[in-house]
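Report on the following structure.
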Amino acid sequence: MSAIAWIAVGSLAAWVWLLLGQGFFWRTDQRLPQRAEPDRLPGTWPDVAVVVPARDEAEVLPSSLPSLLAQDYPGRAEIFLVDDGSQDGTGALARELAARHGGLPLTVVSPGEPEPGWTGKLWALKHGIALARAREPETPEPEYLLLTDADIAHGPDSLRELVAAARSNSLDLVSQMARLRVVSGWERLVVPAFVYFFSQLYPFRWVNRAGARTAAAAGGCVLLRTEAAVRARVPDSIRHAVIDDVSLARAVQRSGGRIWLGLAEGVDSVRPYPRLGDLWRMVSRSAYAQLLYSPPLLAGTVVGLALVYLAPPVTLCAGLLSVDGIAAWAGGLAWAVMTATYLPMLRYYRQPLWTALLLPITAVLYLLMTVDSAVQHYRGRGAAWKGRTYSRPEAAPER
């Protein structure tokens, strides 16, 4: 066989393995697990504290915070918004929205700049969780913590459904991958693939099965049992994590907690990413951290992405031009399998199915974003987000 044919066959073999051996990552049926009827839940509805870290979120708060204030939850719940050094009036706007809309009680705090070794979000979570647990001696601390980002809008029954799922299935952590905004052309090209690639790295079925070794969460919506947070020393044990959601899930799992991750219905991100540069920054800020800042892993990722996503269309075209039947057949079949695995995610995002053919182009963009993430790291810009740059975790001091 020719070299092109060998590459095509190798790519096809990779796709057959991904299709059948990677936890059926391409399926989108992992939704909130079965919940008991409200009157069959053990005990009364538990107290919940909703902790919202927020830094310069005035643009999105009017679309997200009212949805939390309006939660239809049968038990006691309150919101703690932690204003992480905002310069756009985030804290004042949050108070104004609470006064205007009413609903759940809201407390806004500003803890100041993070101490060395802490990322801003985890520093905010630390203070929000501490405030939520600081009760009068006769008042028990909340049984659950809902950690949710400031750009996430929740359906009116979101909190109730999360708690019901956690209690019905004895789960310590329940996380939903919020449906990201898909409006602009660039969002249509890049966003569904972001969730698709994430589920390929962390197949939800593997995360959700008993005794799993794969751990992941989606940081925009995490319901965490307070006892599990204490046992896992969260957030102190992960204070330096750039990819805080995966680190959180691993900490809970290592401490003996049961975790669950799935796609959301009624939990949506309202943050816009209208331009390619916006999406580029969103992906590249943590891509090299995902690879543990390792040049060998970066090189392997580049080769792997090229073999899995670029080789099928390239070898198909090359095989047709050179009349290499094996290359054309294997490359075409690999592209067909790739396209088929992307269709469920496009249906979930309500996008035209023909855009699945563009996945190789999207993969090239992600490859370039990953390389750029490494370049920025070695230029000293690291994981930059909203005016802060974080060093690699090894630099965080131990306590």
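Going by this note's numbering, the sequence shown opens with residue 2, and the numbers climb by one from there.
We treat Cβ as the ideally placed atom computed from N, Cα and C, and that holds for glycine.
Taking just the CA atoms, how far does N170 sit from P313?
One-based indexing of the sequence shown puts residue 313 at position 312. One-based indexing of the sequence shown puts residue 170 at position 169. If you take the alpha carbons of P313 and N170, they lie about 42 Å apart.
Nearest-angstrom Cα distance between L334 and S12?
Locating residue 334 in the sequence shown gives position 333, where the first residue counts as 1. Locating residue 12 in the sequence shown gives position 11, where the first residue counts as 1. Using only the alpha carbons, I get a separation of about 10 Å.
Identify which residue in H102, L33, A59 has its Cα closest to the Cα of D89.
Along the sequence shown, one-based indexing puts residue 89 at 88. Measuring from the Cα of D89, the nearest candidate turns out to be A59.
Between L147 and V49, how many whole angstroms is the CB-CB distance? I'm expecting something under 8 Å.
Residue 147 sits at position 146 when you count from the first residue of the sequence shown. Residue 49 sits at position 48 when you count from the first residue of the sequence shown. Rounded, the Cβ-Cβ distance is 6 Å, consistent with contact.
According to DSSP, is Y145 helix, strand or coil?
Counting from one through the sequence shown, the residue named residue 145 turns up at place 144. Of the three classes helix, strand and coil, the one that applies to Y145 here is strand, per DSSP.
To which residues does DSSP link C318 through a beta bridge?
Taking the sequence shown and counting its residues from 1, the one referred to as residue 318 is at position 317. For C318, which the question treats as bridged, DSSP gives no partner whatsoever.
Can you have a look at Y379 and say buried or exposed, based on whether 16 or more other CB atoms are within 10 angstroms of its CB?
By one-based count along the sequence shown, residue 379 stands at place 378. By the neighbour-count rule (16 or more Cβ atoms within 10 Å), Y379 is not buried but exposed.
Suppose contacts are defined by Cβ-Cβ distances below 8 Å. Is D152 in contact with D73 by that definition?
Taking the sequence shown and counting its residues from 1, one reaches residue 152 at position 151. Taking the sequence shown and counting its residues from 1, one reaches residue 73 at position 72. Result no, Cβ atoms of D152 and D73 do not sit closer than 8 Å.
Would you report the Cα separation of A4 and L20, rounded to the nearest angstrom?
As a position in the sequence shown, residue 4 is number 3, starting the count at 1. As a position in the sequence shown, residue 20 is number 19, starting the count at 1. So the two alpha carbons sit approximately 24 Å from each other.
Can you name, in chain order, every residue of its own chain whose Cβ lies under 6 Å from the Cβ of V175, other than the five neighbours on each side?
Indexing the sequence shown from 1 puts residue 175 at position 174. Answer for V175: L163, A166, A167, L224, W261, listed in chain order.
Nearest CA to the CA of I211: which residue from A230, R259, W330, A375?
Locating residue 211 in the sequence shown gives position 210, counting from the first residue. Sequence inspection shows Ala at residue 211; the Ile mentioned does not correspond to that position. Taking only the C-alpha atoms, the option nearest A211 is R259.
I need the straight-line Cα distance from L277 to W187, nearest angstrom please.
Residue numbering aside, residue 277 sits at position 276 when the sequence shown is read from its first letter. Residue numbering aside, residue 187 sits at position 186 when the sequence shown is read from its first letter. Looking at the two C-alpha atoms, the distance is approximately 6 Å.
If you follow the alpha helix (DSSP H) that G263 is part of, which residue opens it and which one closes it?
Numbered from its first residue, the sequence shown carries residue 263 at position 262. Not the alpha helix (DSSP H): G263 falls in the beta strand (DSSP E), residues 260-270.
I'd like the list of long-range same chain contacts for V303, defined as Cβ closer than 8 Å, with 5 residues on each side in sequence excluded.
Here residue 303 refers to the residue found at position 302 of the sequence shown. Hits under 8 Å: L368, T371, V372.
Over the uninterrupted beta strand (DSSP E) stretch that includes T108, give me the two end residues.
For the purposes of this step, residue 108 is identified with residue 107 of the sequence shown, where counting begins at 1. Residues 107-110.
Starting from the C-beta of Y289, find all residues in its chain whose C-beta is less than 6 Å away, skip the five residues before and the five after it, and write them out in chain order.
Within the sequence shown, residue 289 is the residue found at index 288, counting from 1. Result list for Y289: S374, A375, H378, in chain order.
Which of the three DSSP states is assigned to F198 in this structure?
Mapped onto the sequence shown, residue 198 falls at position 197. Three-state DSSP puts F198 in a helix.
Per the DSSP calculation, R405 is bridged to which residue(s)?
Here the chain comprises residues numbered 2 to 400, so residue 405 is not present and cannot be evaluated.
Does the beta-carbon of L322, which I'm using as the reference point, lie nearer than 7 Å to any heavy atom of the ligand GDP?
The model depicted lacks the ligand GDP and carries no ligand whatsoever.
Assign R234 to buried or exposed, taking buried as 16 or more other Cβ atoms, counted over all protein chains shown, within 10 Å of its Cβ.
Position 233 of the sequence shown holds residue 234. Exposed is the call here.
Return the CA-CA distance between T342 and W27, expressed in angstroms with no decimal places.
As a first step, residue 342 is located in the sequence shown; it is residue number 341 there, counting from the start. As a first step, residue 27 is located in the sequence shown; it is residue number 26 there, counting from the start. Roughly 5 Å between the two C-alpha positions.
Helix, strand or coil, according to DSSP, for I244 in the structure here?
Here residue 244 corresponds to residue number 243 of the sequence shown, with the count starting at 1. Here I244 sits in coil by DSSP.
Excluding the 5 residues flanking T149 on each side, which residues of the same chain have their C-beta closer than 8 Å to its C-beta?
Here residue 149 refers to the residue found at position 148 when the sequence shown is read from its first residue. Excluding residues within five positions, the ones whose Cβ falls inside 8 Å are V51, V52, V53, L69, H155, G221, C222, V223.
For the candidate residues V365, L354, A328, whose alpha-carbon lies nearest to that of A307?
If you number the sequence shown from 1, residue 307 lands on position 306. Comparing Cα positions, the closest option is V365.
What's the gap between the Cα of P112 and the Cα of V268?
Your numbering for residue 112 matches position 111 in the sequence shown. Your numbering for residue 268 matches position 267 in the sequence shown. Between P112 and V268, the C-alpha separation is close to 27 Å.
Please report how far the alpha carbon of W1 lies from the alpha carbon of G320, in whole angstroms.
Residue 1 is absent from the model: the chain starts at 2 and stops at 400.
Which stretch, first to last residue, makes up the beta strand (DSSP E) that contains A50?
As a working note, residue 50 is residue 49 in the sequence shown. Counting along the chain, the beta strand (DSSP E) containing A50 begins and ends at 49-55.
Looking only at C-alpha atoms, which of P297, A194, Q291, I327 sits nearest to L358?
Start at 1 with the first residue of the sequence shown, and residue 358 comes out as number 357. L358 has its Cα closest to that of A194, out of P297, A194, Q291, I327.
Considering D279, what are the terminal residues of the alpha helix (DSSP H) in which it resides?
For the purposes of this step, residue 279 is identified with residue 278 of the sequence shown, where counting begins at 1. Run containing D279: 277-291, per the alpha helix (DSSP H) assignment.
Count Cβ pairs between the segment 118-133 and the segment 30-39 that sit closer than 8 Å; are there 3 or more?
Segments in contact, no.
Select from A135, R182, A229 the residue whose C-alpha is nearest the C-alpha of R272.
By one-based count along the sequence shown, residue 272 stands at place 271. Minimum Cα distance to R272 is reached at R182.
For W18, which residues from the same chain have a beta carbon less than 6 Å from its beta carbon, with the 5 sequence-adjacent residues on both sides left out?
Indexing the sequence shown from 1 puts residue 18 at position 17. Around W18: no qualifying Cβ.
Does P141 pass the burial test, meaning 16 or more other C-beta atoms within 10 Å, or should it be called exposed?
Residue numbering aside, residue 141 sits at position 140 when the sequence shown is read from its first letter. The residue is exposed, with fewer than 16 neighbouring Cβ atoms inside 10 Å.
Quick one: residues in its chain with C-beta nearer than 8 Å to the C-beta of A6, no 5 flanking neighbours on either side, listed in chain order?
In the sequence shown, residue 6 corresponds to position 5, counting from 1. Same-chain partners within the cutoff: T316, G320, D325, I327, A328, A331.
Report the residue from S285, I362, P297, A300 whose alpha carbon sits nearest the alpha carbon of Y310.
Start at 1 with the first residue of the sequence shown, and residue 310 comes out as number 309. Answer by Cα proximity: I362.
By how many angstroms is the C-alpha of Q23 removed from the C-alpha of L98?
Start at 1 with the first residue of the sequence shown, and residue 98 comes out as number 97. Start at 1 with the first residue of the sequence shown, and residue 23 comes out as number 22. Straight-line Cα distance between these residues: approximately 44 Å.
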